Amino acid sequence: MKMYVILPLWALFTVTQQKVPSDNCHCELISSEKPFPYDKLKKAQASALSCTNTITSQKTFALDSLLLGLNRRLPQLEHDVAMLEKEDDGTLYGALSLHIIENELTEIQQMIDTLNSTTTESKHLSENMAQQLENIKEEMDELEKFDTMQVVKRQQANQRLKRDLDQCRNNGVHPPIPPTQPTGRTCPHGRFLNITGPRVQTAGEYAGSYKYGAWGRDPKPEPGKESWHWRVMLTSSNRYAHYVRLYSSLSSLIVGISVPGNVQIHPSNPTTNTIQGPNVVLYAGALYYNCYNKDAVCRFNLTSKSVTSLDLPKGTRYNSKGDFCHLEECYPYTDLDLATDESGVWVVYTTTQDFGNLLLSKVEESEPPKLGKTWRTSVYKRSVTNTFMACGVLYATRYVNKNMEEIFYSFDTMTGKENFNVGIFINKVSSDILSLNYSPVDQMLHAYCDAQMVSYKVLFELMDSNFPY
């Protein structure tokens, strides 16, 4: 005798129970829903990964580099032709000049041929990627129909609500700050395009010692010191320093010959006015740094050996309470980050009333130094690993992996505009970049990486001087 029992299960399933003479039960579960097509989801994921791997920043950079090279070579060719027409003597000088111009034309033609082929390849790539993205979109639209509980739609709605709530909170805590009025600022180099390198990598005379520190050039050097370089090493507990080490040239720094040598702030370390943290800069013959055990900026004049200080706003975090960080660690005593660019000295910090978001202030060259205009940003300081300034624009980096750092964020002090998608990558020589500063003298980015001094060339796109960033 057979007995069939059919029961509704959550209104979605039909259960059939069959009793056999051997007293064994056999259950058959039948779903009224269509099975989820996992093969289509895997296919969409594979297609998306293929698009990501195909379209890389390196390919875009190759095209930009060719355009930048042509933009610079063509004016030089025009200049050489004009010089030939002006100074041609009909003999040896004219023949040599003509030979140089012929070589330049050959090189420019090669660049144009490469540009044409690269442009054609990019066009085909764009067309293929557009079709693939359209196919992925259609597949995802189909897959979304299986979301009968509308989980995806609710997640999207929650994200919109969270974004609106964050905006509401920010506007409530900080009233909208009017953007800086245009000051007629121009950048002599153009728009920040990319970074190449490293160009220089050296441990100097202390190989493997003094993990934390900074190095660079004075953007406004005294006469006769234009080629000088400087280095500050945190010689006590990876936290303090009490002197700046000077080198007469880059080659002297690389081989580790310090002339004129060390300039002491104080004989002992640590004590009042000595250096705390690695983020220091040299500008106009003075060293700017985080004062020992204070929420203040110190300025040490290398000539007079005098120290003056600038107190930061009440609530400024210091003594490693507002460090630069990534997911795995924070860099101790990086609460204050000093930076230089074409216009002078800047300080990056955070306060308790700004809930950890980055603040940027201009340091005025007065006696004593004063705090100039301040800008608030919406980027959280502990999500940043370093900052630097270039042409009045603040740039922030984040840790990607032990080989790569990303310049992901910028803030333009002239317009007040933020960009969270800068997308410029730095190839690292070691896991951590512990200080980073831009030199407007030679457009180099100086990094101090686990006791090594490394520099990168900053590439700018030549364009109209009154450009937006």
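Those letters in the sequence shown? Residues -18 to -1, 1 to 451, by mature numbering (1 follows the signal peptide of the UniProt record, and there is no 0). Note that beta-carbon positions come from the ideal geometry of N, C-alpha and C, so glycine has one too. Quick caveat, the model's predicted, so the values are computed rather than measured.
On the DSSP letters alone, give me the boundaries of the beta strand (DSSP E) that residue i sits inside.
i: Asn226; result: Rather than Asn, the amino acid found at residue 226 in this sequence is Val. Unbroken beta strand (DSSP E) run through Val226: 225 to 229.
i: Lys270; result: Per the sequence presented here, residue 270 reads as Tyr, with Lys not at that position. That run of the beta strand (DSSP E) goes 268 to 272.
i: Asn283; result: 278 to 283
i: Ala378; result: 375 to 383
i: Ser421; result: 417 to 421
i: Tyr265; result: 263 to 265
i: Arg181; result: 173 to 184
i: Ala189; result: First-last for Ala189: undefined, no H or E at that position.
i: Thr369; result: 368 to 372
Let me know the secondary structure DSSP gives residue i once reduced to three states.
i: Tyr194; result: coil
i: Lys344; result: strand
i: His211; result: strand
i: Thr395; result: coil
i: Leu(-10); result: Residue placement at Leu(-10) is poorly supported in this model, since its pLDDT is 43, which falls under 50; the coordinates are not used for a value here.
i: His308; result: coil
i: Val436; result: strand
i: Ser104; result: helix
i: Asp148; result: helix
i: Cys431; result: strand
i: Asp293; result: strand
i: Gln258; result: strand
i: Pro161; result: Note that Pro161 scores 39 on pLDDT, short of 50, meaning its location in the model is unreliable; the coordinates nonetheless yield the value given after this. Pro161 falls in the coil class under three-state DSSP.
i: Glu204; result: coil
i: Tyr362; result: strand
i: Tyr20; result: helix
i: Asn251; result: coil
i: Asn448; result: Residue placement at Asn448 is poorly supported in this model, since its pLDDT is 44, which falls under 50; the coordinates still yield a value, given next. DSSP places Asn448 in coil when its eight states are reduced to three.
i: Asn85; result: helix
i: Asn275; result: coil
i: Asn301; result: coil
Let me check one thing: in DSSP terms, what residues is residue i bridge-paired to?
i: Trp328; result: Ala321, Lys344
i: Lys352; result: Glu346
i: Asn409; result: Met386
i: Tyr222; result: Ser218, Gln258
i: Arg136; result: Note: Arg136 sits in no beta bridge, so no partner.
i: Asn401; result: Ser392
i: Tyr315; result: Paired residues: none, contrary to the question.
i: Gln91; result: Answer is none; Gln91 lacks a bridge partner.
i: Val245; result: Val226
i: Asn35; result: Bridge partners of Asn35: none, in fact.
i: Met122; result: Note: Met122 sits in no beta bridge, so no partner.
i: Asn339; result: Tyr362
i: Glu443; result: Arg173
i: Arg199; result: His211
i: Thr333; result: Thr298
i: Met426; result: Ser421, Lys439
Which residue wins for smallest C-alpha separation from residue i, given the options the options?
i: Tyr222; options: Ala112, Thr334, Tyr271, Cys9; result: Tyr271
i: Leu284; options: Pro203, Glu187, Val182, Leu427; result: Pro203
i: Gly186; options: Tyr331, Phe174, Arg213, Asn176; result: Arg213
i: Cys431; options: Met386, Asn244, Glu109; result: Met386
i: Gln58; options: Asp336, Glu89, Asn117; result: Glu89
i: Ser286; options: Gln258, Ile94, Tyr315, Ile247; result: Ile247
i: Ala268; options: Asn275, Val279, Gly259; result: Val279
i: Tyr225; options: Tyr331, Glu388, Ala196, Gly398; result: Ala196
i: Thr333; options: Cys312, Thr356, Pro314, Tyr313; result: Thr356
i: Ala429; options: Lys24, Lys303, Tyr194, Val63; result: Tyr194
i: Glu126; options: Gly304, Cys273, Phe18; result: Phe18
i: Leu418; options: Val366, Asn110, Leu235; result: Val366
i: Glu120; options: Ala30, Phe407, Ile415, Asp95; result: Ala30
i: Cys359; options: Leu353, Val375, Pro351, Asn339; result: A quick correction: the sequence has Thr, not Cys, at residue 359. Looking at the Cα atoms, Asn339 is the closest of the given residues.
i: Arg181; options: Phe442, Glu443, Ala433, Gln425; result: Gln425
i: Asn301; options: Leu318, Glu310, Asp123, Glu311; result: Leu318
i: Ala112; options: Arg142, Lys24, Leu49, Ser32; result: Ser32
i: Asp277; options: Gly304, Leu264, Ser288, Val263; result: Gly304
i: His171; options: Arg227, Thr184, Ser437, Ser421; result: Ser421
i: Met65; options: Ser413, Leu80, Arg299; result: Leu80
i: Thr379; options: Phe407, Val241, Pro242, Asp200; result: Phe407
i: Ser413; options: Glu400, Ala433, Val404, Val423; result: Ala433
i: Gly238; options: Leu107, Ile118, Phe128, Thr184; result: Thr184
The alpha helix (DSSP H) with residue i in it runs from where to where?
i: Ser240; result: Taken as a continuous stretch (DSSP letters only), Ser240 belongs to no alpha helix (DSSP H), as it is neither H nor E.
For chain B, find out if any of its Cβ atoms is closer than 9 Å to the Cβ of residue i; answer yes or no.
i: Leu294; result: The chain inventory of the structure shown lacks chain B, comprising one protein chain alone.
Is there at least one non-hydrogen atom of the ligand PLP closer than 8 Å to the beta-carbon of residue i?
i: Asn339; result: In the structure shown, the ligand PLP is absent, as is every other ligand, since no ligand is present at all.
query: Any contact of the stretch 366 to 378 with the stretch 317 to 325, i.e. 3+ C-beta pairs under 8 Å?
result: The answer is yes - the stretch 317 to 325 touches the stretch 366 to 378, with three or more Cβ pairs under 8 Å.
- prompt: Does the count of Cβ pairs from the stretch 286 to 299 and the stretch 335 to 352 closer than 8 Å reach three?
  reply: Cβ pair count under 8 Å is three or more, so yes.
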